[in-house]
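See below for the structure under consideration.
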Amino acid sequence: MEDKNEQIRKIMISINRIDGVYYQWARWIGLKDNMLSLLYALSDGKPYTQKQICDEWLIPKTTINTVIKECVVNGYVVLHHEPHTREKLIRLTDKGKEFTDGIIRSVRLAEMEAFDETLKKYPVELAEIFAEFADQLKTAYEHYHNQSDAVAKNGET
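Just so you know, the sequence shown maps onto residues 0 to 156 in numbering that gives the first Met the number 0.
Set out below in structure tokens:
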């Protein structure tokens, strides 16, 4: 059995390879990768705030703001003001749904094909395990980040 460091390294390399495939896919269909991410996020038909998309998809606020503006200009999304908040809900327009469906269809077909092939070799819990690792890694990062902030505030090294 490989040691934990080697397993974690494999995961990190795999994450980067997956990210790279989505980047290449976006370029292949003529989009920027963050545009693909936004359209993918909105493709479930639910409205989201910019903050929700930034937090869940880890896209910088300025980047997603630029992509949203581009989508508004192209008629792909509309922004709805939420009462009692500064946040706006982002929704796909009919034109945006049609555009997104055409783009996401090929991505989803490839994802399903890859997922089915993976499930032939590994357990059904694959997605849950990956999500759990992501949650645990985020928690560990926050723990160490907070410790580092506390040390910096106290002037310790």
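Here a beta-carbon is modelled for each residue, glycine too, at the ideal position from N, C-alpha and C.
Neighbourhood of residue i by C-beta, 6 Å cutoff - its chain only, sequence neighbours within 5 removed
i	result
Phe-132	none
Tyr-22	Asp-32
His-80	Lys-87
Cys-163	In this structure the chain extends from 0 to 156, so residue 163 is not present and cannot be described.
Minimum C-alpha distance to residue i - residue among the options
i	options	result
Thr-84	Thr-48, Glu-141, Trp-56	Thr-48
Lys-60	Glu-86, Glu-81, Pro-82	Glu-86
Asp-54	Thr-65, Ala-40, Gly-44	Ala-40
Glu-110	Ile-17, Lys-9, Ile-7	Ile-17
Rounded Cβ spacing between residue i and residue j (contact assumed at less than 8 Å)
i	j	result
Ser-42	Ile-89	Contact doesn't hold; Cβ gap of about 12 Å is too wide.
Ile-52	Leu-37	7 Å
Gly-74	Lys-96	At roughly 11 Å, the Cβ-Cβ gap does not stay under 8 Å, so Gly-74 and Lys-96 are not in contact.
Residue i and residue j closer than 9 Å at C-beta
i	j	result
Thr-92	Val-76	yes
Trp-176	Ile-63	Nothing about residue 176 can be read from this structure; the chain reaches only from 0 to 156.
Contacts around residue i, its chain only, beta-carbon distance under 7 Å, and the 5 residues preceding and following it disregarded
i	result
Gln-146	none
Can you list the beta strand (DSSP E) stretches of 3 or more residues lying completely in the stretch 66-105, in chain order? 76-80, 87-91
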